[in-house]
Amino acid sequence: MREIKVVTRKRNEMVDITRDVQDVVEQENIDEGVAIVYVPHTTAGITINEGADPSVQRDIVETLKKLVPETGNYNHIEGNSDAHIKASILGSSVTVLIKNERLVLGTWQHIFFYEGDGPRTRKVIIKIFSS
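The sequence shown maps to residues 131 to 261 in the working numbering.
Here it is as structure tokens:
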């Protein structure tokens with residue numbers, strides 16, 4: 131297993147970690163297999179979506195903020211209930227195929243770390259299985 135660090139600068143933001151994950155694949159020298167990219171945090175998530183147009187990331191962040199506002203009638207008293215809910219919506223892991231030492235992603239697809247309770251220094255765990 132490998133670990134990468136993600137430094138976030140806002141309370142809610144998406145950080146493109148595609149290059150970091152690809153670097154791990156190349157370092158592991160895996161020709162073909164599967165990469166599991168896992169976020170071990172309850173107020174952050176991960177998703178695969180369009181990376182060519184930054185407005186898509188802004189739309190995702192803004193829509194999540196509208197769907198799950200920062201303040202509300204939450205029972206959790208730590209002030210970050212919204213982040214827990216947003217992380218649950220996005221999920222804590224993605225699986226990406228590997229072929230010829232490259233992540234198999236669609237033309238516009240990138241891997242994004244979602245921060246729901248930043249700014250913070252976070253970690254992402256990557257496990258690669260060779261086939």
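Every residue gets a Cβ at the ideal spot worked out from N, C-alpha and C, and that includes glycine.
Predicted model only: the values in this text are computed from it and were never measured.
A distance below 7 Å between beta-carbons, with the five flanking residues on each side excluded, links Phe259 to the following residues of its chain, in chain order: Gly163, Val164. Counted as a single uninterrupted DSSP element, the alpha helix (DSSP H) harbouring Glu192 occupies residues 184-197. The Cβ neighbour count for Asp212, taken over all protein chains shown within 10 Å, is at least 16; the residue is labelled buried. When C-beta atoms of the region 215-222 are compared with those of the region 167-182, three or more pairs fall below 8 Å, so the two segments count as touching.
Contact between Phe242 and Met131 is absent: CB atoms are separated by about 21 Å, not below the 8 Å threshold. In the structure shown, the three-state DSSP call for Asp212 is helix.
Secondary structure of Ile219 (DSSP, three-state): helix. Judged by beta-carbon spacing, Asn179 lies within the 9 Å limit of His240, meaning their Cβ atoms are closer than that value.
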